[in-house]
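Chemist: Each number in my numbering comes from the position in the sequence shown (counting from 1) with 16 added on.
Glycine is no exception: its CB is placed at the ideal position from the N, C-alpha and C atoms.
The structure presented is a predicted model; accordingly, all values stated were derived computationally and were not measured.
Here you go, one structure.
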Amino acid sequence: MSILKVSIRQVKAARALLGWSQPDLASASGVSLPTIKRLETTDGPIGGREETANAIRAALEAAGVEFIAENGGGAGVRLKGRYNAS
């Protein structure tokens, strides 16, 4: 089983879906705000230490974000379980 690599673009999109600022993500993930800011100035997969990437991903997933693999259709994010049937 391969582990999905999460990109910085996915992190930014996930923050937007949640309405989170960079300080919100830093607080939820336990990753310092300067590190979040530095990572978000790059593109591609989350750089830095593996445990940093894991902490960011775990915080976003705990908040209800689901990361979608590339699979030829383009990587993405979505919120899970937040829809009310009307």
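Glu-66 to Val-22, Cα distance in whole Å?
Modeler: 11 Å
Chemist: If Val-27 and Ile-62 are in contact, beta carbons under 8 Å, what's the gap, nearest whole angstrom?
Modeler: 7 Å
Chemist: Restricting to Cα atoms, I'd like to know which of Gly-80, Glu-86 and Gly-90 is closest to Gly-35.
Modeler: Gly-80
Chemist: Whole angstroms is fine: what's the gap from Gly-90's alpha carbon to Phe-83's?
Modeler: Spanning the two alpha carbons is a distance of roughly 11 Å.
Chemist: Could you spell out where the alpha helix (DSSP H) holding Arg-109 opens and where it closes?
Modeler: This structure cannot settle anything about residue 109, because the visible part of the chain is limited to 17 through 102.
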